[in-house]
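> Mind having a look at this structure? Questions to follow.
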Amino acid sequence: MLAPLKPLESPLFQSDNFRPIPAFLKDAILEPYKAECVYIDRAFRDISFDHELVAFAEVCVPETFYGSQTGHFNAVESLLCLNQIAFLTIADFVTDDAPHAFREAIGTADLQSFKENVLTRTFITSVKTQFRRTLDGRNVVMRFSFTKMRKHAGMVFMASEFEFTDAQSAPNKPPAFFGQATFAIPVM
Numbered sequence: 003m004l005a006p007l008k009p010l011e012s013p014l015f016q017s018d019n020f021r022p023i024p025a026f027l028k029d030a031i032l033e034p035y036k037a038e039c040v041y042i043d044r045a046f047r048d049i050s051f052d053h054e055l056v057a058f059a060e061v062c063v064p065e066t067f068y069g070s071q072t073g074h075f076n077a078v079e080s081l082l083c084l085n086q087i088a089f090l091t092i093a094d095f096v097t098d099d100a101p102h103a104f105r106e107a108i109g110t111a112d113l114q115s116f117k118e119n120v121l122t123r124t125f126i127t128s129v130k131t132q133f134r135r136t137l138d139g140r141n142v143v144m145r146f147s148f149t150k151m152r153k154h155a156g157m158v159f160m161a162s163e164f165e166f167t168d169a170q171s172a173p174n175k176p177p178a179f180f181g182q183a184t185f186a187i188p189v190m
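For the sequence shown, position 64 matches number 66 in my numbering, and the numbering has no gaps at all.
Structure (structure tokens):
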């Protein structure tokens with residue numbers, strides 16, 4: 003399980019280890035989503051990791067897009083958030099020239115190539131989630147981490163862990179919602 007989450011207002015996010023993912027990048031990468039389904043507000047990448055890609059995001063799901071309001075954050079929205087933060091994390095990494103263990107595996111260093119050849123062909127191959135309690139979808143913080151990668155059959159498989167917390171989440175307690183997912187990315 004990931005370390006406990008701290009709110010994005012924390013001084014932790016003011017350190018040199020956390021770099022905001024630029025708004026122009028967010029707009030470019032999340033452009034294919036309907037506006038009412040873009041749930042990521044601000045996002046940051048933790049650049050202190052050499053063997054993981056780690057990001058945090060403020061998430062707001064003001065209303066569900068597919069039916070009656072449930073009054074809480076649910077699995078459908080969580081998968082959209084998962085896709086969005088994964089794409090933003092990879093795109094930010096692709097546009098950053100800093101050395102990293104995943105760089106060679108991704109195989110592209112330009113945003114246009116990423117959008118045309120990677121973004122449109124990346125998918126989740128597996129996902130496992132656990133809810134401990136309901137979340138208020140209007141004010142959620144997400145932590146996301148690509149933890150491992152391997153190449154197989156012309157694809158890069160990237161394992162990830164994620165967790166969601168809200169204002170009701172107690173420090174040093176397990177997150178309200180967490181899980182693992184594996185993404186498949188075509189080798190460039």
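We put the CB at the ideal spot given by N, CA and C, even for glycine.
1. Taking only the alpha-carbon atoms, compute the straight-line gap between I187 and S147 and give it to the nearest angstrom.
2. Classify M3: buried if its beta carbon has 16 or more other beta carbons within 10 angstroms, exposed otherwise.
3. Which of helix, strand or coil does DSSP assign to L55?
4. Between the C-alpha atoms of E65 and V78, what's the straight-line distance to the nearest angstrom?
5. Hey, out of A183, E38, F179 and I49, whose CA is closest to F104's CA?
6. Can you list, in chain order, the residues of its chain with a C-beta nearer than 6 Å to that of F133? Leave out the 5 residues immediately preceding and following it.
7. Can you give the Cα-Cα distance for A5 and H53, rounded to whole angstroms?
8. I need the DSSP call for I49, collapsed to helix, strand or coil.
9. Going by CA-CA distance only, name the one from F75, T136, K153 and L81 that's closest to G109.
10. What residue range does the alpha helix (DSSP H) around I87 cover?
11. Going by the beta-carbon positions, is the gap between A161 and L90 smaller than 8 Å?
12. Nearest-angstrom Cα distance between F125 and F185?
13. In chain order, what residues of the same chain lie with their CB nearer than 7 Å to the CB of R21, ignoring the 5 residues before and after it?
Inspection of the coordinates gives the following:
1. The residue labelled residue 187 in the question sits at position 185 within the sequence shown. The residue labelled residue 147 in the question sits at position 145 within the sequence shown. Going from the Cα of I187 to the Cα of S147 covers about 16 Å.
2. In the sequence shown, the residue the question calls residue 3 occupies position 1. In this predicted model, M3 has a pLDDT of only 41, less than 50, meaning its place in the structure is not dependable; the value taken from the coordinates is given anyway. M3 is exposed by the Cβ-count criterion.
3. The sequence position of residue 55 within the sequence shown is 53, counting from 1. It is a strand residue.
4. In the sequence shown, the residue the question calls residue 65 occupies position 63. In the sequence shown, the residue the question calls residue 78 occupies position 76. One C-alpha to the other measures close to 12 Å.
5. In the sequence shown, the residue the question calls residue 104 occupies position 102. The shortest Cα separation from F104 among A183, E38, F179 and I49 belongs to I49.
6. Reading the sequence shown from its first residue, position 131 is the one you call residue 133. Answer for F133: F179, listed in chain order.
7. Counted from its first residue, the sequence shown places residue 5 at position 3. Counted from its first residue, the sequence shown places residue 53 at position 51. Low per-residue confidence applies at A5: pLDDT is 41, beneath 50, and the placement is therefore not dependable, though the value from the model is reported in the following sentence. Spanning the two alpha carbons is a distance of roughly 16 Å.
8. In the sequence shown, the residue the question calls residue 49 occupies position 47. Three-state DSSP puts I49 in coil, outside helix and strand.
9. Locating residue 109 in the sequence shown gives position 107, counting from the first residue. Comparing Cα-Cα distances from G109 to each of F75, T136, K153 and L81, the minimum goes to K153.
10. Reading the sequence shown from its first residue, position 85 is the one you call residue 87. Start and end: A77 to T97.
11. The sequence position of residue 161 within the sequence shown is 159, counting from 1. The sequence position of residue 90 within the sequence shown is 88, counting from 1. Not in contact: A161 and L90 (Cβ atoms no closer than 8 Å).
12. Walking along the sequence shown from the start, residue 125 turns up at place 123. Walking along the sequence shown from the start, residue 185 turns up at place 183. For F125 and F185, the distance between alpha carbons rounds to 6 Å.
13. One-based indexing of the sequence shown puts residue 21 at position 19. The answer, listed in chain order, is F46, R47 and I49.
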